[in-house]
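Heads up, the sequence shown is in this note's numbering, so the first residue is 588 and it goes up one at a time.
Below is one structure, written out as structure tokens; the observations come after it.
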Amino acid sequence: MMRRWQGKNLEEFEFAHFATRNWQHYMYFVEDEQKDVHTLALHLLTKPQLYRRWWTLHEREFENCLPQPQPLYYACLAGLKLVAQALIQDGAEVNGQGVLYGSALQAALSRGNTDMVKILLEKGGRCQCASVALW
């Protein structure tokens, strides 16, 4: 299926696809030191229109997935501790569902991120292992 954005074929924007899939990996290494990057990530994940645009490019194979995963899921998947803490403080649903790993807690567990797991458990995170896709 050919998708379009502002009249243009999205497949023409390969760098945009690369950037949407990889920014969080680079941010992981500078999150504690670069407060402006932290602010930009929160802006992207908390502004509904920006988040939806990013998510549509990032998860091409899941674009018809409903409900759309919550930003906290992706912060936990990427190990962005400060971003996750800010999202939780702003009222993010700790047990909201994601795509591949089921929940933010399961996403953090999949990466072996014990700090993130501890934060989520302290805030009431529950592991619903029956919802994990095993393939």
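Backbone N, C-alpha and C define an ideal beta-carbon position, used for all residues, glycine too.
All values reported here derive from a predicted model rather than from experimental measurement.
task: Any chance you could list the alpha helix (DSSP H) runs of at least 4 consecutive residues sitting entirely within the region 637-700, in chain order?
output: Within the region 637-700, the complete alpha helix (DSSP H) runs of at least 4 residues are 658-665, 668-676, 691-697.
query: Among V704, H645, M703, L664, which has the Cα closest to the Cα of F600?
result: Answer by Cα proximity: H645.
task: Quick one: using the 10 Å Cβ neighbour count with 16 as the cut-off for buried, is G712 buried or exposed?
output: With at least 16 other beta carbons inside 10 angstroms of its own, G712 counts as buried.
Cβ pair L687, H625 closer than 7 Å: Between L687 and H625, the gap from beta carbon to beta carbon reaches 7 Å or more.
message: For a quick check, are the C-beta atoms of G683 and Q657 less than 7 Å apart?
response: Cβ distance < 7 Å, so G683 and Q657 count as in contact.
query: Going along the chain, which residues of its own chain have a beta-carbon closer than 7 Å to the beta-carbon of W642, five neighbours each way excluded?
result: Closer than 7 Å at the Cβ level, and outside the excluded window around W642, lie Q655.
CB contact flag (A665, Q611, <7 Å): Contact flag set, yes.
- prompt: What do you reckon, are the CB atoms on L629 and A662 nearer than 7 Å?
  reply: Between L629 and A662, the gap from beta carbon to beta carbon reaches 7 Å or more.
query: With 16 other CB atoms within 10 Å as the buried threshold, where does T607 fall?
result: T607 is buried by the Cβ-count criterion.
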